[in-house]
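K.L.:
Quick one: the structure is below, and I'll ask about it shortly.
Residue numbers (the UniProt record's numbering): 1 to 208.
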């Protein structure tokens with residue numbers, strides 16, 4: 001039976017399902033206890049929601065399965081409701097050593113991302129704040145549809161050039177297939193609660 005795919009605006013009722021999408025997409029349970037993984041997904045979603053002016057959800061058979069968030073940098077104003085949700089989730093993580101270790105790891109990643117963006121020496125007008133699709137629904141063309149929605153938004157806002165952060169823990173090849181170009185990269189050895197390895201961090205951009 002064919003999957004019923006619907007693209008629509010974000011709803012508050014989607015949050016829990018989208019947190020699970022994020023948790024699976026970035027494999028939080030590989031380096032965190034279930035409770036910490038759940039809270040981390042909430043932190044990440046609320047952080048991204050505080051950093052967007054456009055949100056589109058992909059629903060498969062009535063269940064939220066993917067999300068793309070975009071930002072018109074000039075128009076962005078941080079929504080208080082998402083900032084409060086972020087603060088609440090971060091506070092929960094700070095209560096345990098595990099949570100503090102994880103937050104420090106992501107703080108370091110944010111620092112790497114900021115340096116890479118600075119090296120681009122460009123005055124971007126837009127950003128893809130988040131792009132996540134549940135692994136079991138990849139290959140159905142949903143990612144391309146969400147990306148096209150984002151492109152349509154950028155064009156409607158008069159944004160000619162936008163960027164995103166990604167790394168080798170993501171399917172970064174997807175962005176290249178959509179026409180985005182890698183502008184900066186940085187290789188870093190990471191150790192997240194015993195999970196050791198090498199990650200490459202990237203900035204991609206696109207002119208429309």
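Beta carbons: idealized from backbone N, C-alpha and C, even for Gly.
#1: Between the C-alpha atoms of residue 148 and residue 179, what's the straight-line distance to the nearest angstrom?
#2: Is the distance from the Cβ of residue 22 to the Cβ of residue 9 below 7 Å?
#3: For residue 98, I'd like the list of residues in its chain whose CB is within less than 8 Å of its CB, leaving aside the five on either flank, ordered along the chain.
#4: Are there 16 or more other CB atoms within 10 angstroms of the CB of residue 129, so buried, or fewer, so exposed?
#5: Could you give the C-beta distance for residue 205 and residue 161, rounded to a whole number, given that I count them as a contact under 8 Å?
#6: Run through DSSP, which three-state label would residue 177 get?
#7: According to the neighbour-count rule (16 or more other Cβ atoms, all chains shown, within 10 Å of its Cβ), is residue 120 buried or exposed?
#8: For a test of the three-state rule: what should DSSP assign to residue 198, helix, strand or coil?
#9: Identify the residues that DSSP records as bridge partners of residue 206: which are they?
#10: Go ahead and label residue 108 buried or exposed: buried means 16 or more other beta carbons lie within 10 angstroms of its beta carbon, across all protein chains shown.
#11: Are three or more beta carbon pairs between the region 56-68 and the region 128-146 nearer than 8 Å?
#12: Per DSSP, what kind of secondary structure is residue 72 in: helix, strand or coil?
#13: According to DSSP, simplified to helix, strand and coil, what is residue 156?
#14: By DSSP, does residue 130 sit in helix, in strand, or in coil?
#15: Could you tell me the boundaries of the beta strand (DSSP E) in which residue 56 lies?
#16: Express the C-alpha separation of residue 157 and residue 78 in angstroms, rounding to a whole number.
#17: Would residue 93 and residue 103 qualify as a contact pair, given that the criterion is a beta-carbon distance under 7 Å?
P.N.:
The short version:
#1: For the purposes of this step, residue 148 is taken as residue 148 along the chain shown, with counting starting at 1. For the purposes of this step, residue 179 is taken as residue 179 along the chain shown, with counting starting at 1. Cα to Cα, residue 148 sits roughly 12 Å from residue 179.
#2: By 1-based counting over the chain shown, the position of residue 22 is 22. By 1-based counting over the chain shown, the position of residue 9 is 9. For the pair residue 22 and residue 9, the CB atoms are not nearer than the 7 Å cut-off.
#3: As a position in the chain shown, residue 98 is number 98, starting the count at 1. Apart from sequence neighbours up to five positions away, the residues of its chain that approach residue 98 with a beta-carbon distance below 8 Å are 32, 33, 36, 193, ordered along the chain.
#4: Taking the first residue of the chain shown as 1, we reach residue 129 at position 129. That one is buried.
#5: Position 205 of the chain shown holds residue 205. Position 161 of the chain shown holds residue 161. The beta-carbon distance between residue 205 and residue 161, rounded to whole angstroms, is 6 Å. This is short enough to meet the 8 Å contact definition.
#6: Position 177 of the chain shown holds residue 177. Residue state, collapsed to three classes: helix.
#7: Position 120 of the chain shown, counting from 1, holds the residue named residue 120. Looking at its Cβ environment, which holds fewer than 16 other Cβ atoms inside 10 Å, residue 120 is exposed.
#8: Here residue 198 refers to the residue found at position 198 when the chain shown is read from its first residue. Assigned with DSSP and collapsed to three states, residue 198 falls in strand.
#9: Stepping through the chain shown from its first residue, residue 206 is reached at position 206. The secondary-structure analysis by DSSP pairs residue 206 across a beta bridge with 162.
#10: Numbered from its first residue, the chain shown carries residue 108 at position 108. Residue 108 counts as exposed, since fewer than 16 other beta carbons sit within 10 angstroms of its beta carbon.
#11: Contact annotation: the region 56-68 touches the region 128-146, with at least three C-beta pairs closer than 8 Å.
#12: Mapped onto the chain shown, residue 72 falls at position 72. When DSSP states are grouped into helix, strand and coil, residue 72 belongs to the strand group.
#13: Taking the chain shown and counting its residues from 1, the one referred to as residue 156 is at position 156. Looking at residue 156 - three-state DSSP - the assignment turns out to be helix.
#14: In the chain shown, counting from the first residue as 1, residue 130 sits at position 130. If DSSP states are grouped into helix, strand and coil, residue 130 belongs with the strands.
#15: Counting from one through the chain shown, the residue named residue 56 turns up at place 56. Its beta strand (DSSP E) spans residues 54-60.
#16: On the chain shown, position 78 is the one that residue 78 refers to. On the chain shown, position 157 is the one that residue 157 refers to. Approximately 18 Å, taken between the alpha carbons.
#17: For this step, residue 93 is matched to residue 93 along the chain shown. For this step, residue 103 is matched to residue 103 along the chain shown. At the C-beta level, residue 93 and residue 103 come within 7 Å of one another.
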